[in-house]
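Visitor: The following block contains the structure, expressed as structure tokens.
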Ligand code: C5P
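Written out as structure tokens, the structure is:
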């Protein structure tokens with residue numbers, strides 16, 4: 002099979018990263034989590050007392066994705082492994098704001114395009130099919146009901162030992178989606194040539210198989 006890129010977009014907590022990892026592993030492709038890049042920059046933004054000078058913030062930033070056999074993708078920010086901090090609440094609550102800033106986006110998008118240049122990449126995010134990989138061989142736009150997305154996030158938190166309130170999670174997810182869909186630069190939207198995949202009520206295995214079938218069809 003010739004090498005392809007797969008773009009996976011959709012709203013928050015729709016299961017993109019879980020499915021992207023599965024698909025990448027089944028097809029021996031490399032998974033790239035672009036949200037983690039925006040989260041890492043947000044982590045730095047918080048650490049620098051929420052500077053509004055995003056130009057300067059980015060100028061002094063190095064960001065690399067590395068791969069660990071057991072731990073998977075790791076995010077190196079200024080040569081420090083920050084992966085374990087990226088799901089913390091203060092990062093999640095600020096990431097959409099930081100990701101709406103032009104210097105942040107052009108920095109991250111360039112890195113994402115470079116990573117995908119050699120193909121064989123499954124990349125998930127918000128603007129992958131529209132901006133980062135407009136020529137991706139397969140584009141999927143994953144959605145799920147907000148109730149189910151909040152429940153999935155709650156279970157994920159439980160596994161990390163974090164207690165969370167379902168209603169609060171729902172509100173946070175909706176707020177982040179609103180922000181991401183209404184920002185000026187590369188807002189979250191379905192690419193015209195993307196396939197919409199509603200994952201509500203479906204298992205990870207079912208959704209993964211549906212995408213593998215789509216890949217089969219483009220071979
Ligand atoms: O996917 P994840 O929830 O980790 O993404 C965190 C945030 O990063 C999103 O809510 C969005 O604001 C931003 N993001 C983005 N473009 C991407 C990926 C993520 O703006 N390609």
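Numbering (our numbering), first residue to last: 2 to 220. The beta-carbon is built from N, C-alpha and C at its ideal position, and this holds for glycine as well. Being a predicted model, the structure only gives us computed values, none of them experimental.
Is the beta carbon of residue 17 within less than 8 Å of some heavy atom of the ligand C5P?
Guide: For the purposes of this step, residue 17 is identified with residue 16 of the chain shown, where counting begins at 1. Because some heavy atom of the ligand C5P lies under 8 Å away, the Cβ of residue 17 counts as near it: yes.
Visitor: Contact between the segment 138-158 and the segment 199-212: three or more CB pairs below 8 Å?
Guide: A contact exists between the segment 138-158 and the segment 199-212.
Visitor: Can you give, in chain order, each stretch of the alpha helix (DSSP H) that sits fully within the segment 49-84 and has at least 4 residues?
Guide: Entirely contained in the segment 49-84, the alpha helix (DSSP H) runs reaching 4 residues are, in chain order, 55-60.
Visitor: What does a CB cutoff of less than 7 Å around residue 175 pick up in its chain, not counting 5 residues either side in sequence?
Guide: Taking the first residue of the chain shown as position 1, residue 175 is located at position 174. Around residue 175: 147.
Visitor: How is the alpha helix (DSSP H) around residue 219 delimited, first residue to last?
Guide: Here residue 219 is taken as the residue at index 218 of the chain shown, counted from 1. Note, residue 219: alpha helix (DSSP H), 205-219.
Visitor: Which same chain residues end up closer than 7 Å to residue 67 when comparing Cβ atoms and leaving out the 5 residues on each side of it in sequence?
Guide: Position 66 of the chain shown, counted from the start, is the residue given in the question as residue 67. So the qualifying residues of the chain are 75 and 77.
Visitor: Please tell me whether, using a cut-off of 8 Å, the distance from the CB of residue 62 to the nearest non-hydrogen atom of the ligand C5P is below it.
Guide: Here residue 62 is taken as the residue at index 61 of the chain shown, counted from 1. Checking every heavy atom of the ligand C5P against the Cβ of residue 62, none is found closer than 8 Å.
Visitor: Taking just the CA atoms, how far does residue 92 sit from residue 57?
Guide: By one-based count along the chain shown, residue 57 stands at place 56. By one-based count along the chain shown, residue 92 stands at place 91. Computed Cα separation, rounded: 20 Å.
Visitor: How should residue 118 be labelled, buried or exposed, when 16 other C-beta atoms within 10 angstroms of its C-beta is the threshold for buried?
Guide: If you number the chain shown from 1, residue 118 lands on position 117. It is exposed - the Cβ of residue 118 has fewer than 16 other Cβ atoms within 10 Å.
Visitor: If we count the other Cβ atoms within 10 Å of its Cβ and call it buried at 16 or more, is residue 173 buried or exposed?
Guide: Reading the chain shown from its first residue, position 172 is the one you call residue 173. So residue 173 counts as buried.
Visitor: When every heavy atom of the ligand C5P is checked, does at least one fall within less than 8 Å of the C-beta of residue 142?
Guide: As a position in the chain shown, residue 142 is number 141, starting the count at 1. No, the beta carbon of residue 142 sits no closer than 8 Å to any heavy atom of the ligand C5P.
Visitor: In this structure, does DSSP put residue 140 in helix, strand or coil?
Guide: In the chain shown, counting from the first residue as 1, residue 140 sits at position 139. Three-state result, residue 140: strand.
Visitor: So who's on the other strand from residue 134, going by DSSP bridges?
Guide: Counted from its first residue, the chain shown places residue 134 at position 133. For residue 134, which the question treats as bridged, DSSP gives no partner whatsoever.
Visitor: Under 9 Å, Cβ to Cβ, is there at least one residue of chain B near residue 114?
Guide: Considering every chain present, this structure includes no chain B. It has just one protein chain.
Visitor: From the DSSP output, which residues share a beta bridge with residue 33?
Guide: Residue 33 sits at position 32 when you count from the first residue of the chain shown. Per DSSP, 124.
Visitor: With a threshold of 8 Å, are at least 3 pairs of Cβ atoms found where one atom belongs to the segment 116-131 and the other to the segment 19-33?
Guide: Contact holds: three or more Cβ-Cβ distances are below 8 Å.
Visitor: Give me the Cα-Cα distance between residue 203 and residue 211, rounded to the nearest whole angstrom.
Guide: Translated into the one-based positions of the chain shown, residue 203 becomes position 202. Translated into the one-based positions of the chain shown, residue 211 becomes position 210. Rounded to whole angstroms, residue 203 to residue 211 spans 10 Å at the Cα level.
Visitor: For residue 99, which residues of its own chain have a beta-carbon under 7 Å away from its beta-carbon, when the five flanking residues on both sides are left out?
Guide: For the purposes of this step, residue 99 is taken as the residue at position 98 of the chain shown. The answer, listed in chain order, is 39, 42, 43, 46 and 105.
Visitor: Within a Cβ cutoff of 6 Å, which residues of the same chain sit near residue 113, ignoring the five residues on either side of it in sequence?
Guide: Taking the first residue of the chain shown as 1, we reach residue 113 at position 112. Within the same chain, residue 113 has close Cβ partners 35 and 133.
Visitor: What number of angstroms, rounded off, separates the C-alpha of residue 73 from the C-alpha of residue 110?
Guide: Within the chain shown, the letter at position 72 stands for residue 73. Within the chain shown, the letter at position 109 stands for residue 110. Roughly 21 Å separates the two Cα atoms.
Visitor: Rounded to whole angstroms, what is the Cα-Cα separation between residue 37 and residue 21?
Guide: Translated into the one-based positions of the chain shown, residue 37 becomes position 36. Translated into the one-based positions of the chain shown, residue 21 becomes position 20. Near 14 Å, if we compare the C-alpha coordinates of residue 21 and residue 37.
Visitor: Just verifying my parser: in three-state terms, what is the DSSP assignment at residue 183?
Guide: For this step, residue 183 is matched to residue 182 along the chain shown. DSSP places residue 183 in helix when its eight states are reduced to three.
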